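Chains as they are written, first to last, in the numbering used here: chain A, 1 to 317; chain B, 1001 to 1317. Where a beta carbon is used, it is the ideal one built from N, C-alpha and C, also for glycine. On a predicted model such as this, the values are computed, not experimentally measured, just so you know. To start, the structure itself, in structure tokens.
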């Protein structure tokens, strides 16, 4: 009999196909587990598969008295209460670095699309306004990348890949992270100093209590009226209300967002604005990145059911 | 009295401001010069400022009996009949390399926006379909850049900058040009071989008789169903009808275009398609690229009126 794995978040079926070959999947489709399955069924569950951003605290863990492993599909694990898991001897696994290139690429896509106004440009051509020579104030020339300073917040695997890509665009690159890294970019000792210096701020920091809403009205003001913000990390890092205000009153020039405070919802105040590019959390959404993340999930689940340590366990400090 | 310069193409006024400080500008606003100015006025014209893509043949040159210089705003000069100019002792100048970074960046923007489906993604968020969990077939995961082979057609200053950027995205890079260059990318001896090998074809070749419609149905078929084409050079390089057909019947996956056969017109058959990203010839359209191009124009015009050779003359073989 195949080992049982409960699917705790909502995932497209296609992303689960490889797991279904090896395990018996109990799919909640993102609904509360206790509404979908009997307490008897939940009592037999030893492993959960979840999205790292989905909240999973002590109360939820206690729905599964035999739970021994929480496996996140992707790099993040910010939704998991790690202390509660440790207290219950529940191992937590993820897919470190598996999607780094793909996420760095969406960061670049959003930066380029926002600074070069590609949504406005495409609409200008398709509407016939270009052919009619209608003026388009949004299409005024902007600073290009060689004259921009790009600040990267967070210098993990994704931050490094973003920085390397930006350097190839002839941009000056600086960064802030808790510790200085051996990388060829200017280090700033605070997010404030980085925001003062740069004109594009790329958020690539791991989400958590200490990064909650650190990008606030003050940081956005420091970024300034020619500034852009790109977030591919987690919505919680930005004070979303402050961002809406900064975009509305042109405190900053624009933004590119792949993540939001409450996914899959992007607030109406945000979606109504023209000076930003929005993506539905597709950073890791490439063929090879899905395969790499699935490889990590399979390795974690297989090891767990074999009574071994998770090969891709979350490293806690 | 300021020297007179006739503005032969249609340019936004803001782009002409620096020239107006130094010269007396006779602006045709893109209309036929003889309809806008008297033959007396045209008879006194010694220098034209034009866009390189605007057709300017022997007949047009003969409207200006005293014409001594044709200065192109930008890198291209494909609209100018160089033989006719040489026969009349008319010097031809341009702005070599001044917009290379800016154009290379729009090539990357179009490639990323097309392969990562950023127009569809933005619409999926803004429409509320993401929040409503509506399926979106266009948002199926695509190959990411590290598993793509990017073929660059043309290895001038723009082609080199495109190749360097693509390499930073962890893509394999190959190229075809008339001659082999000292660059760290795989050389292909024909456009056919390059199209067989790559999944993204970046067109960065100089336009001219020998490159007219070289990207035809055969090349597009070689590129294949996962393939994308990006054109930031000139519309004339692609057989636009063949491209529409290839996009419509999914011979290729998508395209990103900054240039068209008959600008500022993009054919309806093209603008109706979802699997491409369109820009209104904004490759060189950044603040610093405009300044660099204007510097070249000013240097060319100033030298000409001082009786000197153009510092940025078109080099003819």
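Q.
Using a 10 Å radius around the Cβ and a threshold of 16 neighbouring Cβ atoms, would you call residue 1050 of chain B buried or exposed?
A. One-based indexing of the second chain puts residue 1050 of chain B at position 50. Looking at its Cβ environment, which holds 16 or more other Cβ atoms inside 10 Å, residue 1050 of chain B is buried.
Q | Where residue 1289 of chain B falls, given that 16 or more other Cβ within 10 Å makes a residue buried | A | The residue you call residue 1289 of chain B lines up with position 289 of the second chain. Buried, because 16 or more other Cβ atoms sit within 10 Å of the Cβ of residue 1289 of chain B.
Q: Check residue 282 of chain A in the structure and name its three-state DSSP category.
A: On the first chain, residue 282 of chain A is found 282 positions in, with the first residue counted as 1. Here residue 282 of chain A sits in coil by DSSP.
Q.
Tell me which residues of the segment 282 to 301 of chain A have at least one Cβ-Cβ distance to chain B shorter than 8 Å, keeping chain order.
A. So the list reads 282, 285, 286, 287, 288, 289, 290, given in the order they occur along the chain.
Q) In chain B, what lies closer than 7 Å to residue 265 of chain A by C-beta? A) Position 265 of the first chain, counted from the start, is the residue given in the question as residue 265 of chain A. Chain B residues near residue 265 of chain A: 1131.
**Q.** Alpha-carbon spacing of residue 1053 of chain B relative to residue 1306 of chain B, whole angstroms
**A.** Your numbering for residue 1053 of chain B matches position 53 in the second chain. Your numbering for residue 1306 of chain B matches position 306 in the second chain. For the pair residue 1053 of chain B and residue 1306 of chain B, the Cα-to-Cα distance works out to about 27 Å.
Q) Does residue 169 of chain A get closer than 8 Å to chain B when you measure Cβ to Cβ? A) Taking the first chain and counting its residues from 1, the one referred to as residue 169 of chain A is at position 169. Yes - at least one Cβ of chain B is within 8 Å of the one on residue 169 of chain A.
**Q.** Which listed residue (B:1141, B:1315, B:1168, B:1188) has its alpha carbon closest to that of residue 15 of chain A
**A.** Locating residue 15 of chain A in the first chain gives position 15, counting from the first residue. That would be B:1141, whose Cα lies nearest to the Cα of residue 15 of chain A.
Q.
Looking at residue 6 of chain A: is its Cβ nearer than 8 Å to the Cβ of residue 45 of chain A?
A. Residue numbering aside, residue 6 of chain A sits at position 6 when the first chain is read from its first letter. Residue numbering aside, residue 45 of chain A sits at position 45 when the first chain is read from its first letter. Cβ atoms of residue 6 of chain A and residue 45 of chain A: closer than 8 Å.
(Q) If the cut-off is 9 Å on Cβ atoms, which residues from the segment 124 to 152 of chain A count as contacting chain B, listed in chain order? (A) Listed by position, the residues of the segment 124 to 152 of chain A near chain B (Cβ gap below 9 Å) are 124, 125, 126, 127, 128, 129, 130, 131, 132, 133, 135, 136, 139, 140, 141, 142, 143, 144, 145, 146, 147.
Q: Note down, in chain order, every chain B residue with its Cβ under 7 Å from the Cβ of residue 102 of chain A.
A: Start at 1 with the first residue of the first chain, and residue 102 of chain A comes out as number 102. Under the 7 Å cutoff, chain B gives 1144.
Q: Could you have a look at residue 1198 of chain B and say whether DSSP puts it in helix, strand or coil?
A: Stepping through the second chain from its first residue, residue 1198 of chain B is reached at position 198. It is coil, neither helix nor strand.
Q. Chain A beta carbons: is any one of them nearer than 8 Å to that of residue 1271 of chain B?
A. As a working note, residue 1271 of chain B is residue 271 in the second chain. Yes, its Cβ sits closer than 8 Å to a Cβ of chain A.
Q) Name the chain A residues whose beta carbon is nearer than 8 Å to that of residue 1280 of chain B? A) For the purposes of this step, residue 1280 of chain B is taken as the residue at position 280 of the second chain. For residue 1280 of chain B, the neighbours in chain A by C-beta distance under 8 Å run, in chain order, 121, 124, 125, 130, 139.
Q | Neighbouring residues, chain A, relative to residue 1108 of chain B (Cβ below 7 Å) | A | The residue given as residue 1108 of chain B occupies position 108 in the second chain. Correct list: 112.
Q.
Using a Cβ-Cβ cutoff of less than 6 Å, which residues in the same chain neighbour residue 1252 of chain B once the five nearest sequence positions on both sides are dropped?
A. Here residue 1252 of chain B corresponds to residue number 252 of the second chain, with the count starting at 1. Result list for residue 1252 of chain B: 1220, 1223, 1227, 1246, in chain order.
Q: Hey, could you find the ends of the beta strand (DSSP E) residue 1027 of chain B is sitting in?
A: Numbered from its first residue, the second chain carries residue 1027 of chain B at position 27. Taken as a continuous stretch (DSSP letters only), the beta strand (DSSP E) holding residue 1027 of chain B covers 1024 to 1027.
Q.
Quick check: the Cα distance between residue 233 of chain A and residue 181 of chain A, rounded to an integer number of angstroms?
A. Working through the first chain from its first residue, we reach residue 233 of chain A at position 233. Working through the first chain from its first residue, we reach residue 181 of chain A at position 181. Each residue's alpha carbon lies about 19 Å from the other.
Q.
Let me check one thing: in DSSP terms, what residues is residue 47 of chain A bridge-paired to?
A. Sequence index remark: in the first chain, residue 47 of chain A carries index 47 (1-based). Answer by DSSP bridge pairing, in chain order: A:69.
Q. Quick one: is residue 94 of chain A buried, meaning 16 or more other Cβ sit within 10 Å of its Cβ, or exposed?
A. Start at 1 with the first residue of the first chain, and residue 94 of chain A comes out as number 94. Of the other Cβ atoms in all chains shown, 16 or more fall within 10 Å of the Cβ of residue 94 of chain A; this residue is therefore buried.
(Q) Going by DSSP, what residue range makes up the alpha helix (DSSP H) through residue 124 of chain A? (A) Counting from 1 along the first chain, the entry for residue 124 of chain A is found at position 124. That run of the alpha helix (DSSP H) goes 118 to 126.
Q.
Cβ closer than 7 Å: which chain A residues qualify as neighbours of residue 1173 of chain B?
A. The sequence position of residue 1173 of chain B within the second chain is 173, counting from 1. Simply none; closest approach about 12 Å.
Q. What residues match up with residue 1094 of chain B in a beta bridge as DSSP calls it?
A. For the purposes of this step, residue 1094 of chain B is identified with residue 94 of the second chain, where counting begins at 1. None, per the DSSP bridge assignment.
Q.
With H, G and I counted as helix, E and B as strand and the rest as coil, what does DSSP make of residue 232 of chain A?
A. For the purposes of this step, residue 232 of chain A is identified with residue 232 of the first chain, where counting begins at 1. If DSSP states are grouped into helix, strand and coil, residue 232 of chain A belongs with coil.
Q: Look at the Cβ atom of residue 113 of chain A, then the Cβ atom of residue 1118 of chain B, and state whether they are nearer than 8 Å.
A: As a first step, residue 113 of chain A is located in the first chain; it is residue number 113 there, counting from the start. As a first step, residue 1118 of chain B is located in the second chain; it is residue number 118 there, counting from the start. In this structure, residue 1118 of chain B lies closer than 8 Å to residue 113 of chain A by Cβ.
Q: Output yes if chain A places a C-beta closer than 8 Å to the C-beta of residue 1164 of chain B; else output no.
A: Counted from its first residue, the second chain places residue 1164 of chain B at position 164. Output row for residue 1164 of chain B: interface = yes.
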